[in-house]
Amino acid sequence: MGKYVIKRVLLAAVTLWLVATITFALMNLVPGGPFLSEKTPSEATLKALNEKYGLDQPLIVQYKNYMQKAIQGDFGPSLKQRGRMVKQIITTGFKVSARVGGLSILIAALIGVPLGSVAALNRGKWIDNVIIVFTTSGIAVPSFVVSTVLMLVFSIMLGWLPTYGLSSPLHYIMPVAALALYPTSYIARLMRSSMLEVLGQDYMRTAKAKGLSQFAILFKHALRNAILPIITYLGPLIAYTLTGSFVVEKIFTIPGLGSDFISSIINRDYTLIMGTTIFLAFLLITMNLVVDIAYKIVDPRIKLK
Amino acid sequence: MKRKVALLVSLLLAVSMILSACGGAAKTDMLTVCVGPNPDTIDPALNSSVDGATLIIHGFEGLMTLDKDGVPVPGQAKEYEISDDGTVYTFHLRDNLKWSDGKALTANDFVYSWNRAISPETAADYEYMYEVIDGYDEGSLNVTAPDDKTLVVTLKNAIPYFLELTAFPTFSPVRQDMIDANGEGWAVAPETYIGNGPYKMTEWVPGSHMIYERNKNYWDYKNLGANKIKFVLMEEDTSILNAFQNEEIMFADSMPQDEIDAWRDKPEFNLEGQLGTYYISFNVQKAPLDDARVRKALTLAVDREFICREIGKTGQEPAGAFVATGLSDADPSKEFREVGGNYYDPSGAAYEANLAEAKKLLADAGYPDGKGLPNIEYLYNEGTGHQAIGEALQDMWKKIGVNVNLVSQEWGTFLNTRKNGEYYIARNGWLSDYNDPISMLDMWITDGGNNDAQWSNAQYDELISKVKSSTNPEERFKMMHEAEDIIFDESMLCPIYYYVDLFLLNQKVEGFWSSPLGYKYFMYATVKE
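As structure tokens, then:
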């Protein structure tokens, strides 16, 4: 397995390099620049700015300079948020997004898995139908609708919860709920179908015939096998959720990383585009590796090659 | 002498106004407001946004500052003298001026800060604001400090708005030692962000909030309002309105377009004039828009009252000219617009007549009922308001037989396309930087950085250059009116409406004011219990 991990890490480095290179090329292909605004700065100012940030040099030189620094962990200053370093923006934003996102994933897993199992065990009964309706709407309703409705009900109508920020545990309730709804529903549905499949397997019948208790059948045999697809799904989910949601963070004024992904592109904040993209790619690759290892632990039959 | 007396009287008036506003009420501990999302920068030299300016005027103060009526009153300077020819200003600073960390503030701080703002190394958007000062072209301003409390500024020519400029955020003093040690990073951390204004920033969580506390070293400290001001950095209009309704914020600088009708009659709803115009750029280089008659026909065929009423919805004023309402004329009691009048009747009542004239002009240009005209592209950036206006224009122009295709682009691409003149017709807008029409007229000189119309007129260029060097106010304004005449002789742009500034203010807040430039003043504001 050690060999496998080393191979994967090497592969990850190549992937990261590819992602960085493609992003660099694409963002420079898009028209516009970081210093344009409704009031265009004077030619002299534009020239001074381009010189200051090295944007006056040929692209290939810019690319080389960037890569050299990036390898050493220096992602440069943001072109738009003057005086801030990209690394600093990503670290502070990630801490916040990861806290909110981590909570929502935890909740999604804790609710989604039992919900899906209960639905599967009660297939066709009313409780199954209720869960199906709930999870289908959870997947269909976009997060901005959920956030807005939550805010309308709990802040404006009932006056129970604050509308912005993260200054107390109360502040977390709405954004975490809004973020958790989709993965909860998705996990529940995934769990339901996977559980149904497992329940129909021969070894389940064998287990029952052996006279094992309902509890042992469920937890030792059914759940352990049914949970594999969930783990696959959790990998990318964790990477995406920890890096924040543009919509939810905007609506609840959460100083996370989510909005930087979008706003950096709108602003043509080249260094921040590079930084956030590389960071997300890194997280995705890492999570996928973790998932593969988790597979092996849950199902020893799987061979990592 | 007379000026000094006048200054003293106005100062006393200001102070008494403030005192009566406070009315002995207990000091508010924290005033929570939202003036905009996370600012890109709050470095006085680098900022070019209106919400950034609001933050800066709380942390810094120039030689002068603007009062409730937008009139410059003494800030860091207690008095000033102007030479007879109007080109040399001598400012006398107040006694014992200090920075927020207690260090003494001297006239040399201004010399440093102003020169820093124009240096290419700083690369400030607003460096051109200093072009009125002698030495600007050589890169070293003719600004000297004969002693710690005196600042002598020599201008290229006498201009009527220089005092107002000294109140502009870009003209605030900044701390050389902090900038030398931290570079641009000085303006993001409370420890290095040392100011000289009524408040000082003590916390900034990007994308969340900023906290400003009263600056004990400020000369008017004892009259300041709330102990702390919390600027919540919200972005989503619906969330801002929710927070305002919940009384979590006492001030909101924007609201969702579709909520305006419901709020219009409430006492919290405020509309203030703003010095700016929403207009449409024609690319005068591209056929058929290279024909002034076609441009004029398009300009006339717009029902501005409909756009203001049904789309703008916030009391925007249909525009019959380019220079916005609110800007003063040579006689400051009159507006430039009052003197200049409209170039066509922008009212809804005149629409039918305008349409008839537009049709005639098109026929004269060789396109009777629009026959022979190609489909023209109208470019706008994504965003519901701009799209709705584009659709309305498409409909209106169809009435004279002109077919328009709407093209929307994402913000950054849009700016690039428009700047490079790769369009036919594009939405545009301009907010004046200070109360003088030159701030709006200057942009149309040949090859000007914001001359998106790609327009060039030798006579216009000459007039503008004369305006900039003229010392006679009467003559200056006469020439600016003539310059605007040329814009409309050629119909090189199509004004839609004059901007208004909309905000929500909780009724419990007292002592707040806003300026026509859109800046919000909370330093003397308190919350009545």
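Note that the protein sequences, when read in sequence, are chains A and B. Residues in the first sequence are numbered from 13 upward in steps of one, following this note's numbering. Residues in the second sequence are numbered from 938 upward in steps of one, following this note's numbering. Ideal Cβ placement from N, Cα and C applies to all residues, glycine included.
Is the beta carbon of residue i sitting closer than 8 Å to the one on residue j?
i                  : j                  : result
Ile1244 of chain B : Ile1313 of chain B : no
Trp1051 of chain B : Phe1108 of chain B : yes
Gly1285 of chain B : Val1437 of chain B : no
Ala1302 of chain B : Arg1230 of chain B : yes
Val970 of chain B  : Ile1186 of chain B : yes
Leu1000 of chain B : Asn1133 of chain B : no
Phe47 of chain A   : Leu28 of chain A   : no
Val1090 of chain B : Pro1083 of chain B : no
Ala1234 of chain B : Met967 of chain B  : no
By how many angstroms is the C-alpha of residue j removed from the C-alpha of residue i?
i                  : j                  : result
Leu1299 of chain B : Phe1440 of chain B : 42 Å
Lys51 of chain A   : Asn1365 of chain B : 10 Å
Lys232 of chain A  : Tyr307 of chain A  : 16 Å
Phe156 of chain A  : Phe264 of chain A  : 10 Å
Asp1021 of chain B : Lys1005 of chain B : 29 Å
Trp1450 of chain B : Leu1003 of chain B : 10 Å
Ala982 of chain B  : Thr1103 of chain B : 13 Å
Gly1213 of chain B : Gly1322 of chain B : 17 Å
Glu1058 of chain B : Val21 of chain A   : 42 Å
Arg217 of chain A  : Ser275 of chain A  : 55 Å
Ala110 of chain A  : Gly85 of chain A   : 21 Å
Met97 of chain A   : Gly88 of chain A   : 6 Å
Ser205 of chain A  : Ile278 of chain A  : 40 Å
Ser1218 of chain B : Glu1272 of chain B : 25 Å
Ser167 of chain A  : Ser225 of chain A  : 47 Å
Ser1376 of chain B : Val153 of chain A  : 48 Å
Glu1012 of chain B : Glu998 of chain B  : Going by the sequence as given, residue 1012 of chain B is Gly instead of Glu. If you take the alpha carbons of Gly1012 of chain B and Glu998 of chain B, they lie about 6 Å apart.
Ala1224 of chain B : Arg1241 of chain B : 25 Å
Ala1325 of chain B : Tyr1065 of chain B : 35 Å
Asn1409 of chain B : Gly1023 of chain B : 10 Å
Ile229 of chain A  : Val260 of chain A  : 40 Å
Leu1352 of chain B : Pro53 of chain A   : 12 Å
Val1069 of chain B : Ser1428 of chain B : 30 Å
Glu1294 of chain B : Val1276 of chain B : 25 Å
Arg94 of chain A   : Glu1121 of chain B : 6 Å
Strictly under 8 Å for the Cβ-Cβ distance: is residue i near chain A by that measure?
i                  : result
Thr978 of chain B  : yes
Leu1092 of chain B : no
Pro1432 of chain B : no
Cys959 of chain B  : Because the pLDDT at Cys959 of chain B is just 42, under 50, the model does not fix this residue reliably, and the point stays unresolved.
Gly1249 of chain B : no
Gly1455 of chain B : no
Val1169 of chain B : yes
Val1276 of chain B : no
Enumerate in chain order the residues of its own chain whose CB-to-CB distance from residue i is below 6 Å, with the five nearest sequence positions on each side excluded.
i                  : result
Val210 of chain A  : Ala234, Asn237, Ala238
Asn1291 of chain B : Leu1237
Phe1188 of chain B : Val970, Leu1442
Return the chain-ordered list of same chain residues with a C-beta closer than 7 Å to the C-beta of residue i, the five sequence neighbours on each side being excluded.
i                  : result
His1146 of chain B : Lys1167, Phe1168, Val1169, Leu1170
Ala962 of chain B  : With a pLDDT of 45 at Ala962 of chain B, under the threshold of 50, the modelled position of that residue is not reliable, and no figure is offered here.
Asn40 of chain A   : Leu71
Ala1124 of chain B : Thr978, Ile979, Asp980, Tyr1130
Ala958 of chain B  : Here the model assigns Ala958 of chain B a pLDDT of 42, short of 50, so the residue's position is not dependable and the matter cannot be decided.
Near residue i, what residues of its chain come up, given a Cβ to Cβ distance below 8 Å and the 5 sequence neighbours on each side ignored?
i                  : result
Gln1480 of chain B : There is simply no residue 1480 of chain B to check, as chain B begins at 938 and stops at 1466 in what is shown.
Taking only beta-carbon atoms, is residue i less than 8 Å away from chain B?
i                 : result
Arg280 of chain A : yes
Thr35 of chain A  : no
Ile263 of chain A : yes
Tyr176 of chain A : yes
Leu48 of chain A  : yes
Ile168 of chain A : yes
Pro181 of chain A : no
Val161 of chain A : no
Asn93 of chain A  : Sequence inspection shows Gln at residue 93 of chain A; the Asn mentioned does not correspond to that position. Chain B contact via Cβ: present.
Check whether the Cβ of residue i sits closer than 7 Å to any heavy atom of the ligand NAD, and report yes or no.
i                  : result
Glu1173 of chain B : What this structure holds is no ligand at all, so the ligand NAD is not there to describe.
List the residues of chain E whose Cβ lies closer than 7 Å to the Cβ of residue i, in chain order.
i                  : result
Lys1356 of chain B : The structure shown contains no chain E; its protein chains are A and B.
Practice item. Check each residue of the region 1145–1163 of chain B: if its Cβ is closer than 8 Å to any Cβ of chain A, include it; give the result in chain order. Key: Ser1145, His1146
Exercise for review: May I ask you to list, following chain order, the residues of the region 1171–1192 of chain B that have a beta carbon less than 7 Å from some beta carbon of chain A?
Suggested key: Met1171, Glu1172, Glu1173, Thr1175, Ser1176, Asn1179, Ala1180, Gln1182, Asn1183, Glu1185
Exercise for review: Name, going along the chain, the residues of the region 990–1010 of chain B whose beta-carbon falls closer than 9 Å to a beta-carbon of chain A.
Suggested key: none
Exercise for review: Could you list the residues in the region 1117–1129 of chain B with a C-beta less than 9 Å from some C-beta on chain A, going in chain order?
Suggested key: Asn1119, Gly1120, Glu1121, Gly1122, Trp1123, Ala1124, Val1125, Ala1126
**Study point:** Short-range partners of chain A found in the region 1327–1348 of chain B, where Cβ spacing is below 8 Å
**Key:** Glu1347, Trp1348
Review point. Given a limit of 9 Å on CB to CB distance, which residues of the region 1039–1070 of chain B reach chain A?
Key: Ser1056, Pro1057, Glu1058, Thr1059, Ala1060, Ala1061, Asp1062, Tyr1063, Glu1064, Tyr1065
Practice item. Could you name the residues of the region 1206–1224 of chain B whose beta carbon sits closer than 8 Å to any beta carbon of chain A, in the order they occur along the chain? Key: none
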